[in-house]
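These notes concern the structure reproduced below.
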Amino acid sequence: MSLSNAPFKFTIKGHCQSKANSRRWTGRRMIKSASAMAFINGALPQMPKLEPLMEGPLIVSMTIYYPSMRNDLDESLVLDIMQGYIYKNDRQVMAKHVYRALDKENPRVEIAVSKTGKWSNAFAERVAERVSMITTWFVRWAND
């Protein structure tokens, strides 16, 4: 499967689990819960395999359809399982847009992955400028 500059869209069927709430301590190490492993094992066969993998900075947008409002909105497992299928490493994701929706009958995750283009460098520069301004303001305020 190849990719143009258009967003790459796909859906993973199943009840997405929270990575933060799905780990437990065994006394020697942290392991994923049975529900998290079930989601991962169900998702992997559904994952499209891009050849080549997407390179460079990326934007990921996803809507997670939960069967109820009981779950925390957490995209971490989805980002992890896309490694090696969509992109090399989830550190390539520069921006995330994650939304919650409800669908009791058909829980799923709808995903769109895009290359960021030139805006990411300009965005990073603006963020660095603002951090510098805030730091300067804070230092002045602290010294007054």
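Following this note's numbering, the numbering of the sequence shown begins with 946 at its first residue and continues without gaps.
C-beta atoms are modelled at their ideal positions from N, C-alpha and C, and glycine is treated no differently.
Please read all numbers here as calculations on a predicted model, not as lab measurements.
Taking 8 Å as the cut-off, the beta carbon of S1059 is found closer than this to the beta carbon of L1003.
Taking 8 Å as the cut-off, the beta carbon of F953 is found closer than this to the beta carbon of A1057. If you draw a straight line from the Cα of D1019 to the Cα of E1000, it comes to about 24 Å. Nearest in C-alpha terms to A1040, of all of V1005, T1081, P993 and K994, is V1005. Take R1045, set aside five residues on each side of it, and the residues of its chain with a beta-carbon closer than 7 Å to its own are I1009, Y1011 and L1018, in chain order.
Taking 8 Å as the cut-off, the beta carbon of Q991 is found no closer than this to the beta carbon of K964. Collapsing the DSSP output to three states places A1057 in a strand.
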